[in-house]
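So the sequence shown is numbered by the working numbering: it starts at 1 and just counts up by one.
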Amino acid sequence: MRAILLGGGIALLISLLGTRVVINLFTQWGYGQEIRDDGPTSHHTKRGTPTMGGVVIILAAVIAYFLAKLITMTTPSASALLLLFLFVGMGLVGFLDDFIKISKQRSLGLRSKAKMAGQTVIALVFGGLALSPWLEDSHGRTPASEKVSFLRELDWFVLPMVLAILLIWLFVAGFSNAVNLTDGLDGLAAGASVMVFGAYTLVNIWQNNQLCQKAPSASCYNVRDPLDLAIIAAAITGACFGFLWWNASPAKIFMGDTGSLALGSALAGFAILTRTELLLVILGGLFVLETVSVMMQVGFFKLTKGRRIFRMAPIHHHFEMLGWEQVTVVIRFWIITGLFVATGLGIFYAEWVARL
1 MRAILLGGGI
11 ALLISLLGTR
21 VVINLFTQWG
31 YGQEIRDDGP
41 TSHHTKRGTP
51 TMGGVVIILA
61 AVIAYFLAKL
71 ITMTTPSASA
81 LLLLFLFVGM
91 GLVGFLDDFI
101 KISKQRSLGL
111 RSKAKMAGQT
121 VIALVFGGLA
131 LSPWLEDSHG
141 RTPASEKVSF
151 LRELDWFVLP
161 MVLAILLIWL
171 FVAGFSNAVN
181 LTDGLDGLAA
191 GASVMVFGAY
201 TLVNIWQNNQ
211 LCQKAPSASC
221 YNVRDPLDLA
231 IIAAAITGAC
241 FGFLWWNASP
251 AKIFMGDTGS
261 LALGSALAGF
271 AILTRTELLL
281 VILGGLFVLE
291 TVSVMMQVGF
301 FKLTKGRRIF
311 RMAPIHHHFE
321 MLGWEQVTVV
331 IRFWIITGLF
341 VATGLGIFYA
351 EWVARL
């Protein structure tokens with residue numbers, strides 16, 4: 001437990017202090033955000049605000065995890081290293097996207113096919129390793145499972161290896177893009193991420209306390225390395241908290257695709273490694289709503305040859321176009337995230353109680 005507190009606290013300090021330094025450096029180097037011309041006019045004042053702040057979130061979380069392990073003199077687990085690979089790898093894809101935007105002075109970075117190719121390679125490598133028998137622990141458990149899961153593995157829903165890897169790819173690509181779509185208002189994605197990663201910190205702590213080798217029963221959890229994953233979840237939570245200090249309206253820096261792709265993929269990674277894949281749809285309900293709003297808008301636009309459901313998608317822009325202040329949209333969407341998280345954690349705990 002000491003390592004969890006260390007991970008969260010160290011990441012918070014690094015992010016809080018480091019973001020200020022990065023803002024100054026990126027401003028000097030001209031690493032400013034380009035703004036879509038077809039977006040809300042109120043966003044045009046943000047042009048030139050430093051971006052790629054996700055670099056700080058990633059570095060803060062990774063450094064905090066390894067410092068926590070060093071201080072407590074414990075060895076990193078396979079699950080933790082896999083999750084960090086996914087987190088950093090997706091961050092690199094986002095970094096390339098952001099860097100192209102800055103260097104080319106345009107609001108579009110990597111071409112969609114190149115971006116998806118990068119996400120796919122990282123996701124498939126992660127999925128292949130997570131299911132590999134090479135990474136089995138002494139109890140014969142691999143980091144991930146071929147069984148589809150909700151609050152725990154569904155024994156009756158077992159996928160062939162190929163389909164299991166494809167499902168992992170779908171979750172990683174889906175949620176990395178979902179957080180990317182949500183990252184459109186000052187503090188929205190960072191604040192929502194704090195709550196969801198905080199929830200996964202609690203899920204991992206609970207699973208660690210109820211591991212089958214510690215307390216064999218019908219309600220125990222057959223997962224691998226939950227305590228180590230809790231350290232990373234706490235570290236990312238702390239890193240997002242520190243970043244939010246500078247990212248809250250009016251934002252002094254944006255996380256960019258560097259941060260949003262990394263955070264979204266990490267959420268998917270936690271869902272996969274904790275055997276709570278479908279629970280993430282509830283915990284990360286805001287990200288799901290943002291993605292569905294875009295899918296509905298695009299689909300309806302094509303079917304009706306030009307008509308729209310929302311004034312603008314993702315849905316947070318719709319409320320902006322209705323005249324809501326940015327801060328109002330962000331706070332209300334944070335409240336929605338809190339309700340999703342509370343519901344998800346309530347279901348998770350209620351299922352455990354029901355098995356007693």
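Every residue gets a Cβ at the ideal spot worked out from N, C-alpha and C, and that includes glycine.
Cβ neighbours of residue i in the same chain (closer than 8 Å, five flanking residues each side left out)
| i | result |
| --- | --- |
| LEU154 | LYS147 and VAL148 |
| PHE301 | ARG307 and ARG308 |
| THR142 | ALA130, LEU131, SER132, PRO133, LEU135, GLU136 and ARG224 |
| VAL288 | ALA178 and VAL281 |
| PRO50 | VAL22, ILE23, PHE26, THR27, TYR31, GLY32, GLN33, LYS252, ILE253 and PHE254 |
Neighbourhood of residue i by C-beta, 6 Å cutoff - its chain only, sequence neighbours within 5 removed
| i | result |
| --- | --- |
| ILE336 | LEU286 |
| GLY242 | LEU12, SER15 and LEU16 |
| GLN207 | TYR221, VAL223 and PRO226 |
| LEU356 | SER219 |
| GLN210 | CYS220 and TYR221 |
| GLY89 | ILE122 |
| TRP246 | THR19, LYS252 and ILE253 |
Whole-number beta carbon distance between residue j and residue i, since they are thought to touch under 8 Å
| i | j | result |
| --- | --- | --- |
| GLY109 | ILE122 | No, GLY109 and ILE122 are not in contact; Cβ-Cβ is about 17 Å, not under 8 Å. |
| VAL330 | LEU185 | 5 Å |
| ASP137 | SER260 | Contact flag wrong, Cβ pair sits at about 32 Å. |
| VAL179 | LEU263 | 5 Å |
| TYR72 | ALA3 | Sequence check: residue 72 is Thr here, not Tyr. Right, their Cβ atoms sit about 5 Å apart. |
| ALA164 | LEU273 | The pair is not a contact, with the Cβ atoms about 13 Å apart (cut-off 8 Å). |
| PHE348 | LEU188 | Actually they do not touch by this definition, with Cβ atoms about 25 Å apart. |
| PHE270 | ALA233 | 6 Å |
| SER265 | PHE175 | 7 Å |
| PHE126 | THR258 | Their Cβ separation, rounded to whole angstroms, is 18 Å, which puts PHE126 and THR258 out of contact at 8 Å. |
| ASN172 | ALA268 | The question names Asn, but residue 172 in the sequence shown is Val. About 4 Å separates the two Cβ atoms, so the contact holds. |
Strand pairing of residue i, partner residues [DSSP]
| i | result |
| --- | --- |
| VAL158 | LYS147 |
| PRO216 | In the DSSP output, where bridge partners are listed per residue, PRO216 has none listed. |
| LEU211 | TYR221 |
| PRO50 | GLY32 |
| GLU153 | SER149 |
Interface flag, residue i vs chain C, CB-CB below 7 Å
| i | result |
| --- | --- |
| LEU67 | Looking for chain C here will not work: only one protein chain is present. |
Chain-order list of residues whose beta-carbon lies under 7 Å from that of residue i (same chain, five-residue window excluded)
| i | result |
| --- | --- |
| ALA248 | ASP186 and GLY187 |
| GLY346 | none |
| PHE319 | VAL329 |
| VAL292 | none |
Can at least three beta-carbon pairs, one atom from the stretch 311 to 327 and one from the stretch 117 to 132, be found at a separation below 8 Å? Because the criterion of three Cβ pairs below 8 Å is not met, the stretch 311 to 327 and the stretch 117 to 132 do not touch.
When you compare the stretch 251 to 262 with the stretch 201 to 212, are there three or more beta-carbon pairs, one atom per stretch, that lie closer than 8 Å? These segments do not touch.
Counting pairs of Cβ atoms below 8 Å between the stretch 2 to 20 and the stretch 234 to 242, do you hit three or more? Between the stretch 2 to 20 and the stretch 234 to 242 there are three or more C-beta pairs closer than 8 Å, enough to call the two in contact.
Taking only runs that begin and end inside the stretch 233 to 303, name each unbroken alpha helix (DSSP H) of 4 or more residues, in chain order. Qualifying alpha helix (DSSP H) stretches, in chain order: 256 to 273, 279 to 283 and 285 to 303.
Given 8 Å, three or more beta-carbon pairs between the stretch 214 to 234 and the stretch 293 to 300: Because the criterion of three Cβ pairs below 8 Å is not met, the stretch 214 to 234 and the stretch 293 to 300 do not touch.
Okay, do the stretch 49 to 67 and the stretch 269 to 286 touch, 3+ Cβ pairs below 8 Å being the bar? Here the stretch 49 to 67 makes no contact with the stretch 269 to 286; the two share fewer than three CB pairs at distances below 8 Å.
Is the number of C-beta pairs between the stretch 210 to 225 and the stretch 155 to 162 that are closer than 8 Å three or more? Fewer than three beta-carbon pairs drawn from the stretch 210 to 225 and the stretch 155 to 162 are found closer than 8 Å, and the two stretches are therefore not classed as touching.
Inside the stretch 309 to 344 only - alpha helix (DSSP H) runs reaching at least 4 residues: Taken in chain order, the complete alpha helix (DSSP H) segments of 4 or more residues contained in the stretch 309 to 344 are 315 to 321.
Within the stretch 85 to 141, note down every full beta strand (DSSP E) run reaching 3 residues or more, in order along the chain. Uninterrupted beta strand (DSSP E) stretches at least 3 residues long and entirely within the stretch 85 to 141 do not occur.
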